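Going by full-length UniProt numbering, the sequence shown opens with residue 1, and the numbers climb by one from there. Ideal placement from N, C-alpha and C gives every residue a C-beta, glycine not left out. Just so you know, these numbers come straight off a predicted model, no measurement behind them. Comments concern the structure below.
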Amino acid sequence: MRTQLRQLFLTSFLFVTAVFGQAQAGEPLQVLFVGNSYTFYNQLPLMVRQMSVEARQPRALEVKDVTVAGSSLKQHWARGEVQKVLASQHWDYVVIQDFSLMPLQDAESTRKYAGLVAQAARQAGAQPIFYLTWARQNDPSMQSTLDAVYTQVAKENHGLLAPVGDAWKVALASQPQPTLFIADGSHPTYTGSYLAASVFYSLIYGNPPPAPQAAQSSRFEHATAAELQQDAWAALQSVDIALRTVPAGLGGATVQATR
């Protein structure tokens with residue numbers, strides 16, 4: 001009798017565990033984007049989410065952003081909204097983007113406040129992703145400093161690095177050159193934001209995003225989706241593997257060293 005009861009209990013336990021595991025596998029990944037116009041232009045967070053939906057990922061993305069035009073991480077931290085949103089629920093990833101010139105003007109500020117946001121993100125259960133942005137159109141030499149500061153920040157905080165600026169650099173070296181900047185030489189066109197979104201998707205899921213819908217492709221300027229995805233993938237491969245390895249249970253497969 002006891003044996004039968006134990007078997008019944010074990011069967012019930014395994015059934016409940018399996019059902020719960022399936023539910024867990026299907027839960028969306030919760031991603032918070034913290035930044036400014038480089039993040040909210042062309043609805044970048046929603047673009048990344050749509051990629052996950054179109055790819056039919058078992059765990060698609062749910063996204064939210066805390067963004068203010070021209071804001072630095074220091075200003076975000078002083079407002080306090082980021083801390084409140086982080087404390088409001090569990091997050092899987094938090095994307096952290098400082099004001100575009102801050103790493104050049106005050107690298108210590110970027111290190112300090114990116115670190116504070118990363119610490120709060122971990123308290124909310126999240127893996128920090130540092131959004132390595134691009135150089136201004138009239139000053140490509142900025143990229144080396146941006147690379148150095150964001151890479152250092154990612155290493156110090158044991159976070160992931162999204163090398164968006166390096167993907168832009170790869171794309172801008174090609175011919176014909178894609179139109180990534182709007183007229184101000186700073187903010188992204190739709191093409192530029194799609195390239196950035198491809199980096200985030202590839203980092204999280206471990207492979208390039210799916211082919212976009214025809215209507216979306218028609219918005220690209222002097223580039224194809226496949227070319228932009230390849231540029232994103234190439235930039236990601238140049239990053240130290242420790243900074244692009246998604247923790248087990250999140251995202252998709254680990255990004256491999258070769259395509």
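Determine which residues share a DSSP beta bridge with residue i and list them.
{"i": "residue 274", "result": "There is simply no residue 274 to check, as the chain begins at 1 and stops at 259 in what is shown."}
{"i": "V53", "result": "V53 is not bridged to any residue."}
{"i": "F181", "result": "P188"}
{"i": "L29", "result": "L61"}
If you drop the 5 nearest sequence neighbours on each side, which residues of the same chain put their C-beta closer than 7 Å to that of residue i?
{"i": "V161", "result": "Per the sequence shown, residue 161 should be read as Leu rather than Val. These residues qualify, in order along the chain: F130, L132, Y150, T151, A154, V239, L243, R244."}
{"i": "R136", "result": "M142, G185, S186"}
{"i": "residue 277", "result": "With the chain covering only 1 through 259, there is no way to say anything about residue 277."}
{"i": "K74", "result": "S109, Y113"}
{"i": "M102", "result": "S72, S109, T110"}
{"i": "T145", "result": "P103, L104"}
{"i": "G249", "result": "none"}
{"i": "E27", "result": "R59"}
{"i": "L107", "result": "One point to set straight first is that residue 107 is Ala, not Leu, in the sequence displayed. Hits under 7 Å: V149."}
{"i": "P176", "result": "H222"}
Since residue i and residue j are thought to touch, with beta carbons under 8 Å apart, how far apart are those beta carbons, to the nearest angstrom?
{"i": "A196", "j": "L44", "result": "6 Å"}
{"i": "Y38", "j": "Q123", "result": "So it is not a contact: roughly 25 Å between Cβ atoms."}
{"i": "A225", "j": "A211", "result": "6 Å"}
{"i": "G206", "j": "V170", "result": "Not quite, the Cβ-Cβ distance comes to about 19 Å (not below 8 Å), so this is no contact."}
Looking only at its chain, what residues have a beta carbon closer than 6 Å to the beta carbon of residue i, apart from the 5 residues adjacent to it on each side?
{"i": "S52", "result": "A60, L61"}
{"i": "D166", "result": "A235"}
{"i": "Y190", "result": "N42, R219"}
{"i": "S217", "result": "A225"}
{"i": "R49", "result": "L61, V63"}
{"i": "I182", "result": "T189"}
CB-CB under 8 Å to residue i, same chain, minus the five flanking residues each way: which ones, in chain order?
{"i": "E156", "result": "R111, G115"}
{"i": "S202", "result": "P208, P209, Q229, A232, W233, L236, V255"}
{"i": "V82", "result": "V34, V66, H76, V117, A120"}
{"i": "residue 275", "result": "Here the chain comprises residues numbered 1 to 259, so residue 275 is not present and cannot be evaluated."}
{"i": "residue 287", "result": "Given that the chain is displayed from residue 1 to residue 259, the structure contains no residue 287 and the question cannot be resolved."}
{"i": "D147", "result": "L132, P163, G165, D166"}
Using DSSP with H/G/I as helix, E/B as strand and the rest coil, what is residue i?
{"i": "A162", "result": "strand"}
{"i": "I96", "result": "strand"}
{"i": "D65", "result": "strand"}
{"i": "V239", "result": "coil"}
{"i": "L203", "result": "helix"}
{"i": "L228", "result": "helix"}
{"i": "V34", "result": "strand"}
{"i": "P103", "result": "helix"}
{"i": "L146", "result": "helix"}
{"i": "P128", "result": "strand"}
{"i": "L73", "result": "helix"}
{"i": "V246", "result": "coil"}
{"i": "E221", "result": "coil"}
{"i": "W134", "result": "coil"}
{"i": "P208", "result": "coil"}
{"i": "P140", "result": "coil"}
{"i": "S174", "result": "coil"}
{"i": "Q22", "result": "Unreliable positioning characterises Q22 in this predicted model, as indicated by a pLDDT of 35, which lies under 50. The coordinate reading is nonetheless provided below. It is helical."}
{"i": "S88", "result": "coil"}
{"i": "Q123", "result": "helix"}
{"i": "G80", "result": "coil"}
{"i": "Q213", "result": "coil"}
{"i": "G115", "result": "helix"}
Quick one, are the C-beta atoms of residue i and residue j less than 7 Å apart?
{"i": "W91", "j": "L29", "result": "no"}
{"i": "E221", "j": "T179", "result": "yes"}
{"i": "Y93", "j": "Q57", "result": "no"}
{"i": "N42", "j": "V68", "result": "no"}
{"i": "F40", "j": "S72", "result": "no"}
{"i": "V85", "j": "V66", "result": "yes"}
{"i": "V117", "j": "V164", "result": "no"}
{"i": "residue 318", "j": "I204", "result": "Outside the modelled stretch of the chain, which goes from 1 to 259, sits residue 318, for which no answer is possible."}
Is the closest heavy atom of the ligand PLP to the C-beta of residue i under 6 Å?
{"i": "T191", "result": "This structure lacks the ligand PLP, and indeed carries no ligand of any kind."}
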